[in-house]
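**Q** Chains A and B, in that order, are what the protein sequence lines are. Per the numbering used here, the first sequence starts with residue 21, numbered consecutively. Per the numbering used here, the second sequence starts with residue 21, numbered consecutively.
Protein chains: 2
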Amino acid sequence: MEIQAEEFAGRLAVVLHAPDPAQGILEYRDSEPADLAAACRHLQEDDIVELLKLLPEEISADVIVELGDDLREDILQRLTPKEIADVVEEMATDDAADVVSELEEAKAVEVVDLLEEEDRREIAVLLSYPEDSAGGIMRLEVVWVRSDRTAARAIEKIRELYGEVREDFYIVYVTDREGTLLGRIPLPRLILADPDARVTDVMEEIGQQAYAEQDQEEVAKIFRKYDLVSLPVVDRDQKLLGVITVDDIVDVIHEEAEEDYSRLAGTDEEEFQEESVLRKASLRLPWLVTGLVGGVLSAVVLSRFETSLRSVIALTFFVPVIMAMGGNVAIQSSAVMVRGLALGEINARDGMARLGRELGVSVITGAVCAILIFFAAWLWWNDIRLGIVVGGAMLAVILISTSVGAFVPLSLDRFRIDPALATGPFVTTSNDILGILIYLSLASWIYGGVG
Amino acid sequence: MEIQAEEFAGRLAVVLHAPDPAQGILEYRDSEPADLAAACRHLQEDDIVELLKLLPEEISADVIVELGDDLREDILQRLTPKEIADVVEEMATDDAADVVSELEEAKAVEVVDLLEEEDRREIAVLLSYPEDSAGGIMRLEVVWVRSDRTAARAIEKIRELYGEVREDFYIVYVTDREGTLLGRIPLPRLILADPDARVTDVMEEIGQQAYAEQDQEEVAKIFRKYDLVSLPVVDRDQKLLGVITVDDIVDVIHEEAEEDYSRLAGTDEEEFQEESVLRKASLRLPWLVTGLVGGVLSAVVLSRFETSLRSVIALTFFVPVIMAMGGNVAIQSSAVMVRGLALGEINARDGMARLGRELGVSVITGAVCAILIFFAAWLWWNDIRLGIVVGGAMLAVILISTSVGAFVPLSLDRFRIDPALATGPFVTTSNDILGILIYLSLASWIYGGVG
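1. State the Cα-Cα distance for the pair residue 241 (chain A) and residue 266 (chain A), rounded to the nearest angstrom.
2. According to the neighbour-count rule (16 or more other Cβ atoms, all chains shown, within 10 Å of its Cβ), is residue 451 (chain A) buried or exposed?
3. For residue 235 (chain A), does the three-state DSSP call read helix, strand or coil?
4. Closer than 7 Å by beta-carbon distance: list the chain B residues that pair up with residue 351 (chain A), in chain order.
5. By how many angstroms is the C-alpha of residue 393 (chain A) removed from the C-alpha of residue 312 (chain B)?
6. Any residues in the stretch 207-222 of chain B with a beta carbon nearer than 7 Å to a beta carbon of chain A? Which ones, in chain order?
7. Using a Cβ cut-off of 7 Å, which residues of the stretch 39-66 of chain A contact any Cβ in chain B, in chain order?
8. Would you say the stretch 153-163 of chain A touches the stretch 254-272 of chain A, given that touching needs at least three Cβ pairs under 8 Å?
9. Less than 8 Å between the C-beta atoms of residue 445 (chain B) and residue 315 (chain B), yes or no?
10. When DSSP builds the beta bridges, which residues end up paired with residue 205 (chain B)?
11. Starting from residue 222 (chain A), trace the alpha helix (DSSP H) both ways and give me its first and last residue.
12. From A:245, A:409 and A:275, pick the residue whose C-alpha is nearest to that of residue 364 (chain A); which is it?
13. Could you check how far apart the C-beta atoms of residue 62 (chain B) and residue 29 (chain B) are, in whole angstroms? I think they sit under 8 Å.
14. Is the beta carbon of residue 453 (chain A) less than 8 Å from the beta carbon of residue 318 (chain A)?
15. Specify, as a first and last residue, the run of the alpha helix (DSSP H) that residue 445 (chain A) falls within.
16. Closest to residue 305 (chain A) by C-alpha separation, out of B:385, B:124 and B:167, would be which residue?
17. Would you decide whether residue 320 (chain B) is buried or exposed? Buried here means 16 or more other CB atoms lie within 10 Å of its CB.
18. Report the three-state DSSP secondary structure of residue 132 (chain B) (helix, strand or coil).
19. If you follow the beta strand (DSSP E) that residue 166 (chain A) is in, where does it begin and where does it stop?
20. Counting only runs of 3+ residues fully inside the stretch 30-69 of chain B, write out the beta strand (DSSP E) ranges in chain order.
21. Tell me residue 251 (chain B)'s beta-bridge partners as DSSP assigns them.
22. Can you find a C-beta in chain B that's less than 8 Å from the C-beta of residue 329 (chain A)?
23. DSSP three-state label for residue 230 (chain A), please.
24. Tell me, to the nearest whole angstrom, how far the beta carbon of residue 307 (chain B) is from that of residue 348 (chain A); I am working on the premise that it is less than 8 Å.
25. Residue 296 (chain B) by DSSP, collapsed to three states: which one?
26. Straight-line CA distance for residue 471 (chain A) to residue 463 (chain A)?
27. Between the alpha carbons of residue 400 (chain A) and residue 236 (chain A), how many angstroms are there, rounded?
28. Would a C-beta distance cut-off of 8 Å place residue 98 (chain B) and residue 47 (chain B) closer than the cut-off?
29. Excluding the 5 residues flanking residue 280 (chain B) on each side, which residues of the same chain have their C-beta closer than 8 Å to its C-beta?
30. Which residues, in order along the stretch 384-408 of chain A, keep a beta-carbon less than 7 Å from a beta-carbon of chain B?
31. Taking a contact to mean a Cβ-Cβ separation below 8 Å, would you say residue 49 (chain B) touches residue 79 (chain B) in this structure?
32. Beta-carbon separation of residue 435 (chain B) and residue 375 (chain B) under 8 Å?
33. Taking the alpha carbon of residue 531 (chain A) as the reference point, which residue from A:173, A:149, A:189 and A:262 has its own alpha carbon closest?
34. Can you name, in chain order, every residue of its own chain whose Cβ lies under 7 Å from the Cβ of residue 206 (chain B), other than the five neighbours on each side?
35. Measure the alpha-carbon distance for residue 343 (chain B) versus residue 340 (chain A) and round it to whole angstroms.
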């Protein structure tokens, strides 16, 4: 059963402040680390540190891994290098490397010096890959067996490793003497095999694999497309380096989606985890100030057309709708592009086709909206010229803003900049100004060239 | 290796139009179903149907599962009930139920009648649960063993079932005589156990489980929190019904994220899969027309203040920035709420605390933006009253729009309506109008009560 974090935190706090916390905590040593970590978010930092010291090291290790980046950073600062080293040794290699990479450099060096030779080497290997590459998210604990062994020997190997590879696993990889990846054997298949059969006769083709330097988003796409639970990671020479498991990929998918979502909303994905009001405000302000600058520019543009606005005051009434619609269509087309790129449904080659399709969409949406607003403006003000100006500007703004909204993410992607930056307030603001400019230029022209 | 879908489709098309396609297709019968399905998206429907008939039934079954909802629907319409029944029998129960549920009713009945008794019964069980519940996404193929058996008997059971449970699995569940779920044994642990040991001595606690009627989003949260690969599904009497695997959950996470994202952008998540320009335009138009209606209302509001605007034309220059900022802050706070609700980080009890925090954020962001625009308006027009009106309106608009943006998703959630409906054009449009109203009311008051 899922446990309510707040209630659980309350019970833990009582135990931690009782006369003999070491005794009291025994009751909770079999709790799920994820539940303990969730409860920590409702505890004082002093209490968390106390709890981590009282729990068995392997449980503390799991709790620290589950804490969430911000809280983990705070807690690690309160632990000594020796205490950190003790729990890091209990972690899977990928988690250990993550924790070490989050420490201040001096402390990281101290912690690493306290580790055993093998752990030290493994962490160094993992830290040599970029954080968001396949190498950066893989773990080195992988169960493999040499191709000249028998099925019985493979089972023996599992026996040796099961204590060490703490995570559950169900694929055994087969390599040659040089460590080149040759194939894979799902555990049920291995169990059913004749014990004397060579593993090469039992194994399946390797199917999918990732290269260490491959981007984590690409890796996530492979998992999703082929419904994988784990994926081996190899180097350019096809040597087996490690394995990525689906639980890490679930986190990647989440992170990427949150990132795109927060860009579109005009904030930072950090905000979803953030509780401090001041910090939340500071994450939103850059976007708001961008909008504010854009707004002042809009004001400048409007003031340039003061004469037109004075002579036909009704023109001002339609500034909001022109502006808003430009922003709306730009957000639609940029969002569709950003997710298409993120899901791998759009690639470099069909970018132009997509752009063409967006233009097609904008012809339809533009025509519909232009006709509606033409009649609204004409009938309401009994001024067909007003209808023509507002309707014409609406068509032009929708055509242009849709195309701009679609084009910018594609271009950013080509230059390997995150296309999601081209959504949200930035897009709306620039399209607001563009819209006003088109609208008032058309107005000055139709109403006789003042401006 | 991942295969380029377009290129692969080209090769398949050549084979399908050659004199002996049945012979030619032999070469591709070992291809990954996911690759074949991706290629199908670039083939004519006639060719897809031909391909599915030529491939072995178990491969065709997998390809159909991977096709994507829209294309699958079109293709199923072109297959006879007999052809559909043949591939459905090759599918895992959850996929089989999905396919049957997508058919027109008359055809579904025909297909089900052609199935074997057991498949018919299983599909009926799965279809009795709502589509987005744990029961609706589970599969019935689950490996379980009775608690009074030995480890050796459990391994024998795997031997019997491995042909039938086509998906890889690595947890064996333990139940009593009545089918009540008691525990679980990971395969590596089973292999290492003494063959004569009772499974109850080898098994672990069950840990997490889902109830059949539980919502799929809740299930996804459990997977994510506890890093699960599979999760048993039970009924209210704790009887084991089936199992949910992580690959289905990855799809759920994706769907939910795409849904929230598309709402925020003002379109429908269907659009991400859609190629038809007309259909794309029709998915966007409802949002745009909402915006248009809002824009016309803004124009009405502005026209009510015509006298004020005529007397102080500079007031009109700041209409865009007030409007845009109201929309921007509303989107930020509504988006933060929507994702917080989706991730389960916000629950009914702390909704008010969140609302309070949003208000705190808006005090800071409002004050900063108000001060900046106050100076911009005052210094630029050398009119301190203009600065006061614009700055004061900015503060009021940011306070109110942030709160409205946060409040609406919370209320929708309480009434069990998707909170994501409260993001995107709807929020911006209503806040546009609200902003103009506040701004011009303040202006009439400060500039002496005309309006």
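From the three backbone atoms N, C-alpha and C, an ideal C-beta is built for every residue, glycine too. It should be emphasised that the depicted structure is a prediction, and the values quoted were computed from it without experimental measurement.
**A** Result, derived from the coordinates:
1. By one-based count along the first sequence, residue 241 (chain A) stands at place 221. By one-based count along the first sequence, residue 266 (chain A) stands at place 246. Roughly 12 Å between the two C-alpha positions.
2. On the first sequence, residue 451 (chain A) is found 431 positions in, with the first residue counted as 1. With 16 or more Cβ atoms within 10 Å of its Cβ, residue 451 (chain A) is classed as buried.
3. As a first step, residue 235 (chain A) is located in the first sequence; it is residue number 215 there, counting from the start. Three-state DSSP puts residue 235 (chain A) in a strand.
4. On the first sequence, position 331 is the one that residue 351 (chain A) refers to. Simply 285 and 286.
5. Numbered from 1 along the second sequence, position 292 holds the residue referred to as residue 312 (chain B). Numbered from 1 along the first sequence, position 373 holds the residue referred to as residue 393 (chain A). Distance between the alpha carbons of residue 312 (chain B) and residue 393 (chain A): 8 Å.
6. 207, 208, 211 and 212
7. 52 and 54
8. yes
9. Against the second sequence, residue 445 (chain B) aligns to sequence position 425. Against the second sequence, residue 315 (chain B) aligns to sequence position 295. No, the pair does not count as a contact, with Cβ atoms beyond the cut-off.
10. In the second sequence, residue 205 (chain B) corresponds to position 185, counting from 1. The partner list for residue 205 (chain B) (beta bridge, DSSP) reads B:192.
11. Indexing the first sequence from 1 puts residue 222 (chain A) at position 202. 219-222 is the extent of the alpha helix (DSSP H) around residue 222 (chain A).
12. Numbered from its first residue, the first sequence carries residue 364 (chain A) at position 344. It is A:245.
13. Here the question's residue 62 (chain B) lines up with position 42 in the second sequence. Here the question's residue 29 (chain B) lines up with position 9 in the second sequence. Yes, residue 62 (chain B) and residue 29 (chain B) are in contact; Cβ-Cβ is about 4 Å, under 8 Å.
14. Position 433 of the first sequence, counted from the start, is the residue given in the question as residue 453 (chain A). Position 298 of the first sequence, counted from the start, is the residue given in the question as residue 318 (chain A). Yes, they are a contact pair.
15. The residue you call residue 445 (chain A) lines up with position 425 of the first sequence. Start and end: 445-466.
16. For the purposes of this step, residue 305 (chain A) is taken as the residue at position 285 of the first sequence. Of the listed residues, the one whose Cα sits closest to residue 305 (chain A) is B:385.
17. Stepping through the second sequence from its first residue, residue 320 (chain B) is reached at position 300. Exposed, since its Cβ has fewer than 16 Cβ neighbours within 10 Å.
18. Numbered from its first residue, the second sequence carries residue 132 (chain B) at position 112. Residue 132 (chain B) falls in the helix class under three-state DSSP.
19. Numbered from its first residue, the first sequence carries residue 166 (chain A) at position 146. Here the beta strand (DSSP E) through residue 166 (chain A) covers 164-166.
20. none
21. Residue numbering aside, residue 251 (chain B) sits at position 231 when the second sequence is read from its first letter. For residue 251 (chain B), which the question treats as bridged, DSSP gives the partners B:264.
22. Taking the first residue of the first sequence as 1, we reach residue 329 (chain A) at position 309. With 8 Å as the cut-off, residue 329 (chain A) counts as an interface residue toward chain B.
23. Locating residue 230 (chain A) in the first sequence gives position 210, counting from the first residue. Residue 230 (chain A): strand per DSSP, three-state reduction.
24. In the second sequence, counting from the first residue as 1, residue 307 (chain B) sits at position 287. In the first sequence, counting from the first residue as 1, residue 348 (chain A) sits at position 328. Going by Cβ atoms, the distance from residue 307 (chain B) to residue 348 (chain A) rounds to 7 Å, so yes, they are a contact pair.
25. Position 276 of the second sequence holds residue 296 (chain B). It is coil, neither helix nor strand.
26. Position 451 of the first sequence, counted from the first residue, corresponds to residue 471 (chain A). Position 443 of the first sequence, counted from the first residue, corresponds to residue 463 (chain A). With a pLDDT of 39 at residue 471 (chain A), under the threshold of 50, the modelled position of this residue cannot be trusted; read the value that follows with caution. The alpha-carbon atoms of residue 471 (chain A) and residue 463 (chain A) are separated by roughly 9 Å.
27. Position 380 of the first sequence, counted from the start, is the residue given in the question as residue 400 (chain A). Position 216 of the first sequence, counted from the start, is the residue given in the question as residue 236 (chain A). Approximately 55 Å between the Cα atoms of the pair.
28. Here residue 98 (chain B) corresponds to residue number 78 of the second sequence, with the count starting at 1. Here residue 47 (chain B) corresponds to residue number 27 of the second sequence, with the count starting at 1. No, these two residues do not count as a Cβ contact at 8 Å.
29. As a working note, residue 280 (chain B) is residue 260 in the second sequence. Within the same chain, residue 280 (chain B) has close Cβ partners 358, 359, 362, 440 and 443.
30. 384, 385, 388, 389, 392, 393 and 396
31. For the purposes of this step, residue 49 (chain B) is taken as residue 29 along the second sequence, with counting starting at 1. For the purposes of this step, residue 79 (chain B) is taken as residue 59 along the second sequence, with counting starting at 1. Yes.
32. Within the second sequence, residue 435 (chain B) is the residue found at index 415, counting from 1. Within the second sequence, residue 375 (chain B) is the residue found at index 355, counting from 1. Taking 8 Å as the Cβ cut-off, residue 435 (chain B) and residue 375 (chain B) do not qualify as a contacting pair.
33. With chain A covering 21 to 471 only, the question about residue 531 (chain A) has no answer from this structure.
34. Here residue 206 (chain B) refers to the residue found at position 186 of the second sequence. Result list for residue 206 (chain B): 190 and 191, in chain order.
35. Position 323 of the second sequence, counting from 1, holds the residue named residue 343 (chain B). Position 320 of the first sequence, counting from 1, holds the residue named residue 340 (chain A). Straight-line Cα distance between these residues: approximately 8 Å.
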